[in-house]
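Residue numbers (full-length UniProt numbering): 1 to 108.
The structure appears below as structure tokens.
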Amino acid sequence: MTTTQEIITIAAVIAGTMLTRFIPFMLFSEKRTAPAYISFLGKVLPFAMIALLVIYCLKDSIYKSHHGLPDLIAIIFIVLIHKWKKNTLLSIASGTVFYMILVQNFFI
Numbered sequence: 001m002t003t004t005q006e007i008i009t010i011a012a013v014i015a016g017t018m019l020t021r022f023i024p025f026m027l028f029s030e031k032r033t034a035p036a037y038i039s040f041l042g043k044v045l046p047f048a049m050i051a052l053l054v055i056y057c058l059k060d061s062i063y064k065s066h067h068g069l070p071d072l073i074a075i076i077f078i079v080l081i082h083k084w085k086k087n088t089l090l091s092i093a094s095g096t097v098f099y100m101i102l103v104q105n106f107f108i
């Protein structure tokens with residue numbers, strides 16, 4: 001790829017990213033409220049996306065090998081920590097550390 005092609009590619013990626021970020025603000029300004037289905041999707045989609053990511057990550061590891069066991073244990077740990085402390089950063093950090101401890105020390 002030449003330098004010109006690289007610059008054009010980077011500019012296209014920047015423009016695409018900026019458009020996807022700015023279009024909702026252009027369509028739904030302060031004067032005009034969003035339709036009910038857009039508000040509903042804004043509430044539901046983040047949880048649905050997290051669920052889809054978890055299912056996608058676990059779809060092969062659970063049934064085909066024993067490598068899914070530390071994943072499931074870590075997910076249960078993360079859910080319990082999050083229910084207890086209600087702190088997303090703590091849940092993610094402690095879950096990552098717990099998973100690494102499981103994988104490196106117990107599920108070798």
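Glycine included, every Cβ here is placed at the ideal spot set by N, Cα and C.
Predicted model only: the values in this text are computed from it and were never measured.
query, result
"Is it buried or exposed for Ala-51, if we count other Cβ within 10 angstroms and need 16 for buried?", "exposed"
"Please confirm if the stretch 75-87 is in contact with the stretch 95-105, defined as three or more CB-CB distances below 8 Å between the two stretches.", "yes"
"How is the alpha helix (DSSP H) around Pro-70 delimited, first residue to last?", "68-85"
"Would you mind reading off the limits of the alpha helix (DSSP H) that contains Leu-41?", "36-58"
"Looking only at its own chain, which residues have a Cβ that is under 6 Å from the Cβ of Val-54, when we skip the five neighbours before and after it?", "none"
"DSSP on Ile-108, reduced to helix/strand/coil?", "coil"
"If contacts are defined as beta-carbon pairs under 8 Å, then Val-42 and Leu-58 qualify, I think. What distance do you get, rounded to the angstrom?", "Per the sequence shown, the amino acid found at residue 42 is Gly instead of Val. Not really, about 26 Å apart at Cβ, beyond 8 Å."
"Buried or exposed for Ser-91, going by 16 or more other Cβ atoms inside 10 Å?", "buried"
"Determine the direct distance from the alpha carbon of Lys-86 to that of Ser-29, and round the result to whole angstroms.", "33 Å"
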